[in-house]
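*Asks:* Residue numbers (full-length UniProt numbering): 244 to 609. The beta carbon of each residue, even a glycine, is placed where N, CA and C say it ideally should be. Take this structure, written in structure tokens, and hold onto it; I'll ask about it next.
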Amino acid sequence: EKAGFDHFMLKEIYEQPKAYRDTMGARIDAAASKVVLPEIGMTPEQIRSIRQVHIVACGTAYHAGLVGKSVIEHLARIPVETDVASEYRYRSPIITPETLVIVVSQSGETADTLAALREAKRCGARVVAITNVVGSSVAREADDVIVTWAGPEIAVASTKAYTSQLIGFYLFGLYLAQTLGTAEATYIEEVLRGLRELPEKVERILEQSEAIKEVAEQISTHHSLFFIGRGLDYAVALEGSLKLKEISYIHSEAYAAGELKHGTLALIEEGIPVIALATQDALFEKTVSNIKEVKARGAQVFGIHMEGDTELAKAVDEVFAIPQTHPLLAPALTVVPLQLLSYYASLALGHDVDKPRNLAKSVTVE
Ligand code: M6R
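So, in structure tokens, the structure goes:
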């Protein structure tokens, strides 16, 4: 059932182009340049009454929610907060009937996420679920459900579920923007075109897995490393770091690149690996200057950028290029080399990739 792959995780990484296509499916009306989401039962009037959005999830799903925050704020201009579910209820969040709560869960059974959903409903909020399991508790209790058609995810480390959750957020963000009129039709068209091109671009990244494997092997000899980025690159850095810790047991930290000099830079010493993501045009120069700060202290920097950029290579030791895409969509590509990086690092260290120690696929205790 691993279809010729050595591990479920690798199989699931390679299933991503299909998962993207299936999750977009009939939800994109290319001819009309719009998103159709019949599963969202909200009337335009109800959508217009949303004053704030709370995104609540755990682990990797929370990281998808961080991207979701940027996407919704950018496209729909509604303020969004993203919380980890185990914190949300205990900070007495301000939830009103004008709050839209989005819960994100691959399994749909995560106890903290489910409890957050119930609390949101108790306070009168409408709840949209983004989940991979039709008929799960989260799917049953939410008002509206966007199913991510990633197919069953067996490996404990989440890969295709995360990227399908991103697709769910892109679709929902565009749907809100269409209804609210907060984005130009040509802009929506551009993002939609970018979305439809993603599966093929992921395939191109997967063809270069050997290059990532070499970097992973170098990294596997280290005890500690950093992931840095700004904006959406920072959100992906967090996910890359979690994935690496989860299956390779190598300690890593994700840092907003501009925040390093406020303390963490003290940890940068000769030879320490730093994975630097620099795909966001508007933040590029600032990120490069942060990269120079770590380089000057001896870090070994592996940079990820977009094809066409010629600057990053000058500032780092090695680069990996993702195909060009709309900056908003970059996370759906940049995470793929990071997934491969953690997979090959775990493999090089001889760990049980699919079943890392101490962890369960679905966390049903609070
Ligand atoms: O099933 P869920 O999406 O609710 O699970 C949430 C987390 O437990 C999960 O994403 C976890 O962080 C993964 N093992 C990370 O790869």
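Using the DSSP secondary-structure output, state which residues sit across from Phe469 in a beta bridge.
*Replies:* According to DSSP, Phe469 shares a beta bridge with Glu496 and Val517.
*Asks:* Is it the case that the CB of Thr464 approaches a heavy atom of ligand 1 more closely than 6 angstroms?
*Replies:* No.
*Asks:* For Glu440 and Val278, what's the separation of their Cα atoms in angstroms?
*Replies:* 15 angstroms
*Asks:* Would you say Gly302 touches ligand 3, meaning its beta carbon is less than 6 angstroms from a heavy atom?
*Replies:* Ligands present in the displayed structure are limited to ligand 1, and ligand 3 is not among them.
*Asks:* Is Ala400 near ligand 1, with its Cβ less than 6 angstroms from a heavy atom?
*Replies:* yes
*Asks:* How many Å lie between Phe248 and Gly367 at the Cα?
*Replies:* 46 angstroms
*Asks:* Contact defined as beta carbons within less than 8 angstroms: I believe Gly411 pairs with Val376. What is the distance between those atoms, to the nearest angstrom?
*Replies:* Between Val376 and Gly411 the Cβ distance is about 13 angstroms, and since that is not below 8 angstroms, they are no contact.
*Asks:* Note down, in chain order, each residue of its chain lying with its Cβ closer than 7 angstroms to the Cβ of Lys254, except the 5 sequence neighbours on either side.
*Replies:* Taking C-beta separations shorter than 7 angstroms and ignoring five residues to either side along the sequence, the partners of Lys254 in its chain run Lys245, Ala246 and Phe248, following chain order.
*Asks:* Are the region 526-537 and the region 480-493 touching by the rule of at least three beta carbon pairs closer than 8 angstroms?
*Replies:* no
*Asks:* For Thr607 and Ala359, what's the separation of their Cα atoms in angstroms?
*Replies:* C-alpha separation (whole angstroms): 13 angstroms.
*Asks:* In chain order, which continuous runs of the alpha helix (DSSP H) of length 4 or greater are located wholly inside the UniProt domain "SIS" (458-599)?
*Replies:* 475-491, 527-538, 555-558 and 574-591
*Asks:* Can you tell me the Cα-Cα spacing of Phe415 and Ala307, whole angstroms?
*Replies:* 13 angstroms
*Asks:* According to DSSP, simplified to helix, strand and coil, what is Lys277?
*Replies:* In the structure shown, Lys277 sits in a strand (DSSP, three-state: E or B).
*Asks:* Can you tell me the Cα-Cα spacing of Arg291 and Pro599, whole angstroms?
*Replies:* 44 angstroms
*Asks:* Per DSSP, what are the beta-bridge partners of Gln295 in this structure?
*Replies:* Thr342
*Asks:* Nearer than 6 angstroms: is that true of the beta carbon of Ser495 relative to any heavy atom of ligand 1?
*Replies:* no
*Asks:* Any idea if Thr522 is buried or exposed, counting beta-carbon neighbours within 10 angstroms, 16 or more meaning buried?
*Replies:* buried
*Asks:* Alpha carbon to alpha carbon, how far is Pro566 from Ala500? Give it in angstroms, no decimals.
*Replies:* Approximately 23 angstroms between the Cα atoms of the pair.
*Asks:* Rounded to the nearest angstrom, what separates Ser532 and Leu503 at their Cα positions?
*Replies:* Taken atom to atom, the span from the alpha-carbon of Ser532 to that of Leu503 is near 11 angstroms.
*Asks:* By the three-class DSSP mapping on this structure, what secondary structure does Ala307 have?
*Replies:* Helix.
*Asks:* State the CB to CB distance for the pair Thr356 and Val299, rounded to an integer number of angstroms; the pair is presumed to be in contact (CB under 8 angstroms).
*Replies:* 6 angstroms
*Asks:* Touch check for the region 539-549 and the region 417-426: three-plus C-beta pairs under 8 angstroms?
*Replies:* The region 539-549 makes no contact with the region 417-426: fewer than 3 CB pairs, one atom from each, lie closer than 8 angstroms.
*Asks:* Based on DSSP bridge pairs, tell me the residues matched to Ile373.
*Replies:* Val347 and Ile389
*Asks:* For a minimum of 4 consecutive residues, which ranges assigned as the alpha helix (DSSP H) are wholly contained in the region 416-466?
*Replies:* For the region 416-466, whole alpha helix (DSSP H) runs of length 4 or above, ordered along the chain, are 428-449 and 452-462.
*Asks:* Work out the CA separation of Ile373 and Asp386 for me, nearest whole Å.
*Replies:* 11 angstroms
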